[in-house]
Amino acid sequence: MNSKFISDLSMNRRTALKSTLAWTTAMGMGAAGLPLAANAATPSPIRGKLDYNDPQDNLYAFGKLWSSYEEPCLGAFHGLMYLRIPGKRMIPLFGYTGTGALFAKLDENGDLWIKSRETGYFTDLETGDILETWDNPFTGKTVEVYHFYNDVLVGKIGKEIPKFFMGELGDSPTLMNEGTVFPDENGNYPFVLPFQQYGDDLMLAWDYTHDYTNPVKPAGWPQSSTGAKITPSEHFTFQVNKTELEDRDLNTVRMTAGFSRISECWPFMEMGGTEYAGATLFGRMHSHKGLRGYGDIPPKVLAYVEKHAPDYLALPNNWDMSTKRIDTWKAYAQDIPPENKDYEWSPSDFILPSGKGSKRNS
């Protein structure tokens with residue numbers, strides 16, 4: 048559901064897997080300008096108070112666009128998820144919504160740090176109410192719905208485009224923005240983002256496309272697992288006001304975005320072992336932040352979070368990197384006991400505030 052960066056891009060594969068990954072986002076974040084090429088040697092057609100060919104200015108811009116300096120901000124996403132069975136039209140299944148508390152800082156080396164605390168829920172298509180159970184129209188089963196709680200994720204981005212290290216040893220890392228960032232003459236990928244300008248709007252695409260070993264193993268969760276590998280991807284199209292983004296007296300900027308994601312079926316849907324295990328989920332959402340207080344959070348979502356998980360509307364003061372909740376599938380495998388009772392498993396000590404798995408902690 049969300050984007051996660053490793054805490055130090057100089058880590059090797061084994062160190063990265065042992066470490067705590069960085070952050071995620073429940074957040075989804077433009078006379079016609081030309082896209083800024085991601086090669087730092089290419090002159091930028093965008094003129095302003097920021098140098099859009101300078102990785103340092105790009106880090107400042109991204110932190111302000113995605114998050115907020117000096118004090119945390121709150122944002123949200125909301126939209127629909129569809130199921131596509133090959134050869135058939137997509138069918139709407141449920142709403143998809145959530146919140147994010149976000150905070151950013153630039154350290155003494157100019158690296159960008161972002162911490163977040165996020166929720167994710169599924170909602171009834173007609174009422175918008177958050178689902179505790181879902182009637183799966185394909186299998187005929189009523190299943191408990193797993194709610195996403197990413198508790199205090201922290202990540203650092205340096206002056207190169209980050210890579211995701213997901214899955215297990217042997218899985219390949221994912222380069223952010225593959226297709227719109229390109230190496231310089233030394234083979235490095237400087238943190239120069241593909242901003243586009245139209246009038247006083249700045250637009251930015253932010254993409255990742257994964258392919259890694261499924262933490263919800265078929266041997267342990269034959270109903271929840273869709274197979275040995277998963278290929279989730281998320282795609283954001285941010286829009287901000289250029290003048291506000293470049294004003295260093297402002298600690299954040301109003302951001303609106305299109306947010307889409309494609310993946311295998313969520314584990315809680317229990318499509319494993321059925322003819323629908325190979326189906327594809329597609330989500331299209333709005334994402335936004337920058338209004339005061341709780342202004343960006345849909346009322347029903349806000350009421351639910353205030354009742355079940357009020358801590359997720361704020362952030363602690365520390366920048367602890369100890370989180371083990373790296374991605375949604377891995378969190379599910381940590382929180383939900385295996386369906387195969389003989390499968391070796393150690394339960395997580397994380398307490399789910401609501402949804403599938405929360406009763407295990409009560």
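My numbering numbers the first residue of the sequence shown as 48 and each following residue consecutively. Beta carbons are placed, not taken as given, at the ideal position from N, Cα and C, and that holds for glycine. Just so you know, these numbers come straight off a predicted model, no measurement behind them.
Would residue 211 and residue 221 qualify as a contact pair, given that the criterion is a beta-carbon distance under 8 Å?
Taking 8 Å as the Cβ cut-off, residue 211 and residue 221 qualify as a contacting pair.
For residue 118 and residue 298, believed in contact at Cβ under 8 Å, the rounded distance
A Cβ-Cβ separation of about 7 Å places residue 298 in contact with residue 118 under the 8 Å criterion.
In three-state DSSP terms, what is residue 397?
Note: residue 397 maps to coil in three-state DSSP.
Throw me the rounded Cβ distance for the residue 400 and residue 144 pair, which I believe falls under 8 Å.
Taking C-beta atoms under 8 Å as the contact rule, residue 400 and residue 144 fail to qualify, at a distance of about 16 Å.
Where does residue 211 sit, in a helix, a strand or coil, going by DSSP?
Three-state DSSP puts residue 211 in a strand.
What's the gap between the Cα of residue 168 and the Cα of residue 329?
Looking at the two C-alpha atoms, the distance is approximately 15 Å.
Classify residue 372 as helix, strand or coil using the three-state DSSP reduction.
Of the three classes helix, strand and coil, the one that applies to residue 372 here is coil, per DSSP.
Among 187, 357 and 302, which residue has its Cα nearest to the Cα of residue 317?
Comparing Cα-Cα distances from residue 317 to each of 187, 357 and 302, the minimum goes to 187.
Taking just the CA atoms, how far does residue 185 sit from residue 311?
In a straight line, the C-alpha of residue 311 is about 15 Å away from that of residue 185.
Write down the C-beta distance between residue 282 and residue 213 rounded to the nearest angstrom, noting that I regard them as a contact closer than 8 Å.
17 Å between Cβ atoms; not a contact.
Where does residue 255 sit, in a helix, a strand or coil, going by DSSP?
In this structure, residue 255 counts as strand in the three-state DSSP scheme.
What number of angstroms, rounded off, separates the C-alpha of residue 273 from the C-alpha of residue 266?
Going by the C-alpha atoms only, they are around 11 Å apart.
Decide if residue 261 is buried, meaning its Cβ has at least 16 other Cβ atoms within 10 Å, or exposed.
Burial call: buried.
Considering only C-alpha positions, which residue in the set 179, 275, 235 and 253 is nearest to residue 218?
Out of 179, 275, 235 and 253, 275 has the C-alpha closest to the C-alpha of residue 218.
If I'm right that residue 165 touches residue 147 with Cβ under 8 Å, what's the distance once you round it to whole angstroms?
Here residue 165 really is in contact with residue 147; their C-beta atoms are around 5 Å apart, less than 8 Å.
What does the alpha-carbon distance come out to for the pair residue 134 and residue 325?
Cα-Cα distance, rounded: 12 Å.
Could you compute how far the alpha carbon of residue 331 sits from the alpha carbon of residue 307?
One C-alpha to the other measures close to 4 Å.
State the start and end residues of the unbroken alpha helix (DSSP H) segment that holds residue 348.
Looking at the DSSP string, the run of the alpha helix (DSSP H) that includes residue 348 is 346–355.
Excluding the five sequence neighbours on either side, which residues of its own chain have a C-beta within less than 8 Å of the C-beta of residue 269, listed in chain order?
The beta carbon of residue 269 lies closer than 8 Å to those of 319, 320, 386 and 387 in the same chain, with the five residues before and after it left out.
Note down, in chain order, each residue of its chain lying with its Cβ closer than 7 Å to the Cβ of residue 192, except the 5 sequence neighbours on either side.
Same-chain partners within the cutoff: 169, 178, 179, 180, 181, 315, 402 and 403.
With burial defined as no fewer than 16 other Cβ atoms inside 10 Å of the residue's Cβ, what is the status of residue 339: buried or exposed?
Residue 339 is exposed by the Cβ-count criterion.
Within 8 Å, strictly: CB atoms of residue 289 and residue 249
A contact, by the Cβ cut-off of 8 Å.
Please classify residue 123 as buried or exposed, where buried requires at least 16 other C-beta atoms within 10 Å of its C-beta.
Buried: at least 16 other Cβ atoms inside 10 Å.
What is the DSSP secondary structure of residue 405, counted as helix, strand or coil?
Residue 405 carries a helical assignment under DSSP once its states are collapsed to helix, strand and coil.
Cα separation between residue 105 and residue 322?
Between residue 105 and residue 322, the C-alpha separation is close to 46 Å.
With C-beta atoms as the reference, is residue 162 less than 8 Å away from residue 121?
Contact: no.
Between the CA atoms of residue 286 and residue 63 - distance to the nearest angstrom:
With a pLDDT of only 40 at residue 63, under the threshold of 50, the placement of this residue in the model should not be trusted, and no figure is reported.
Can you give, in chain order, each stretch of the beta strand (DSSP E) that sits fully within the stretch 199–249 and has at least 3 residues?
Fully enclosed beta strand (DSSP E) runs of 3 or longer: 243–245.
Going by C-alpha distance, which of 293, 284 and 295 is nearest residue 304?
Ranked by Cα distance from residue 304, the first of 293, 284 and 295 is 284.
DSSP puts residue 45 in a beta bridge; with which residues?
There is simply no residue 45 to check, as the chain begins at 48 and stops at 409 in what is shown.
Helix, strand or coil for residue 423 per DSSP?
Residue 423 lies beyond the stretch modelled for the chain, which goes from 48 to 409, so this question has no answer here.
Beta-carbon spacing of residue 271, residue 309 below 8 Å:
By the CB criterion at 8 Å, residue 271 and residue 309 fall outside the cutoff.
Beta-ladder partner(s) of residue 328, from DSSP
DSSP, once it has assigned bridges, lists 130 and 310 as partnering residue 328.
In the DSSP assignment, find the unbroken alpha helix (DSSP H) run with residue 108 in it and report its ends.
Run containing residue 108: 102–113, per the alpha helix (DSSP H) assignment.
So what does residue 182 bridge to, in DSSP terms?
Answer by DSSP bridge pairing, in chain order: 189.
What does residue 164 pair with, by DSSP beta-bridge criteria?
Answer by DSSP bridge pairing, in chain order: 148.
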